[in-house]
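A short write-up of the structure that comes next.
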Amino acid sequence: MGLRRFVAILTIAVIIILAVVVWFFPSNEDFRVENPFWNGTEDITSLIPASPIESLSELPSSVEGVTLILIPYLEFTPAELEAVDNFVRQGGTLVLADDYGYGNQVLEHLGLEARFSGQALLDPLFSYKNKRLPRIHHLASDSVTGDAGSLVLNHATGLVNVEDGDVLARSSSFSFLDINDNGVWDEEEPAGPLPVISQHSLSDGRIILIADPSILINSMETMESNPDLIEGIGVITPSRLYLDQSHLPPSELHYTKNLLACLQGFLVTPRGTVGIVILVLAITLIPVWYKKGGENDHGTEQ
Numbered sequence: 007m008g009l010r011r012f013v014a015i016l017t018i019a020v021i022i023i024l025a026v027v028v029w030f031f032p033s034n035e036d037f038r039v040e041n042p043f044w045n046g047t048e049d050i051t052s053l054i055p056a057s058p059i060e061s062l063s064e065l066p067s068s069v070e071g072v073t074l075i076l077i078p079y080l081e082f083t084p085a086e087l088e089a090v091d092n093f094v095r096q097g098g099t100l101v102l103a104d105d106y107g108y109g110n111q112v113l114e115h116l117g118l119e120a121r122f123s124g125q126a127l128l129d130p131l132f133s134y135k136n137k138r139l140p141r142i143h144h145l146a147s148d149s150v151t152g153d154a155g156s157l158v159l160n161h162a163t164g165l166v167n168v169e170d171g172d173v174l175a176r177s178s179s180f181s182f183l184d185i186n187d188n189g190v191w192d193e194e195e196p197a198g199p200l201p202v203i204s205q206h207s208l209s210d211g212r213i214i215l216i217a218d219p220s221i222l223i224n225s226m227e228t229m230e231s232n233p234d235l236i237e238g239i240g241v242i243t244p245s246r247l248y249l250d251q252s253h254l255p256p257s258e259l260h261y262t263k264n265l266l267a268c269l270q271g272f273l274v275t276p277r278g279t280v281g282i283v284i285l286v287l288a289i290t291l292i293p294v295w296y297k298k299g300g301e302n303d304h305g306t307e308q
């Protein structure tokens, strides 16, 4: 076997092996349903039948009785904001779970007064292990909160401009929003109880705000009564529940997997099949071409 042929075959083999490894390596990106690690949301599918979507255009045309979970860590385009607005006004239920992302961009477009504060919610007394993991004991009686006794949040924020009648869950009286990020309460900082979950009506639809998307991840969804809240979201529309993944921060692994998925989709088409046949024939005939070229050169020399 010639050196050039060996190098060509070795290169192709390495590319194929790397592609297979990347394809089967599980996602490690925050909040993704296909991520089985601590920061993914694979485990919530055992509690609720959430179907992941990679674009808001994948939502059904008839949205009455449909629930959309939205974790807005990427900015929205005007068309996407309009799609969310239409979804809610036509009867859909939007679960907007945010802490330090673009949730307020959505709320402003929807015309709601409520906002995510964007500052860390700390509770030095009622917390799980430290003040950045506040326990939430004040829960309203509602189908969403269900039988939840207490929730555990993880680096959450708070909600502001929320009417008392719209609040579903509040932090304790010892909690506060750490505006200057010094870890202690100062007089100018809002003190608890502070809203962390609320619900709002808009036209024919409903909006549920959760000031901590981390409650959905694998390492948090089993904490105390967190499963009850997740199941409460699931029973709103148990057969038509979607989790938007188009506004989650992508990684190089995600881009590579998407590229491989596109390549796979192309290869199963007639044009892709023809391309594979041509490539295989070309690789197979390389030594024949080199051999013929060598014979021609030898004949010329004679």
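Residue numbering for the sequence shown follows my numbering, starting at 7 and increasing by one per position. Every residue gets a Cβ at the ideal spot worked out from N, C-alpha and C, and that includes glycine.
For residue i versus residue j, is the C-beta distance shorter than 7 Å?
i	j	result
L254	A56	no
K137	D129	yes
D172	H206	yes
N160	R121	no
L157	N45	no
I216	I236	no
L249	I75	yes
S178	G155	no
T73	T228	no
G97	G238	no
D105	T163	yes
V94	L100	yes
I221	T47	no
L131	F82	no
D148	L174	yes
Would residue i be called buried (16 or more neighbouring beta carbons within 10 Å of its own) or exposed?
i	result
I23	exposed
P66	exposed
L200	buried
V90	buried
V241	exposed
T151	buried
R141	buried
G189	exposed
V112	buried
S133	buried
I21	exposed
G107	buried
I213	buried
Leaving aside the five residues before and after residue i along the sequence, list all residues of the same chain whose C-beta is less than 6 Å from its C-beta, in chain order.
i	result
S33	E40, N41
L80	H253
N110	R121, F122
Beta strand (DSSP E) containing residue i: first to last residue?
i	result
I75	73-76
G211	211-216
H206	201-208
P58	56-59
L183	182-184
V173	173-176
L112	Residue identity check: residue 112 is Val in the sequence provided, not Leu. It is not in any beta strand (DSSP E) - V112 instead sits in the alpha helix (DSSP H) that spans 109-116.
L80	It is not in any beta strand (DSSP E) - L80 carries neither H nor E in the DSSP assignment.
T99	99-103
L128	126-128
Got a sec? Which residues, its chain only, sit under 8 Å from residue i by beta carbon, not counting five neighbours each side?
i	result
T51	V39
E194	I185
Short of 7 Å in beta carbon distance, which residues of its chain neighbour residue i, apart from the five on each side in sequence? Order them along the chain.
i	result
P196	F182, L183
V69	F93, Q96, G97, G98
D192	N186
E114	none
Got a sec, what are the start and stop residues for the alpha helix (DSSP H) residue i sits in?
i	result
A89	84-95
D250	Element bounds for D250: not the alpha helix (DSSP H) but the beta strand (DSSP E), 247-250.
L65	From DSSP, L65 is part of no alpha helix (DSSP H); its letter is neither H nor E.
L235	232-240
Select from the options the residue whose C-alpha is nearest the C-alpha of residue i.
i	options	result
L118	L165, G124, W191	L165
I77	V69, E194, V280, I59	I59
A103	G124, S245, T275, E64	G124
R323	A146, D187, S63	Not covered by the structure: residue 323. The range shown for the chain is 7 to 308.
S61	A85, I54, D49	A85
D218	L127, T275, E114	L127
S245	D49, L53, F37, I21	L53
D153	I21, F37, E230	E230
D49	Q251, T17, M226	M226
E64	Q251, T275, G281	Q251
P256	P276, F37, T17	F37
Quick check: is any heavy atom of the ligand ADP less than 6 Å from the C-beta of residue i?
i	result
R121	Looking at this structure, you won't find the ligand ADP or any other ligand, since it has none at all.
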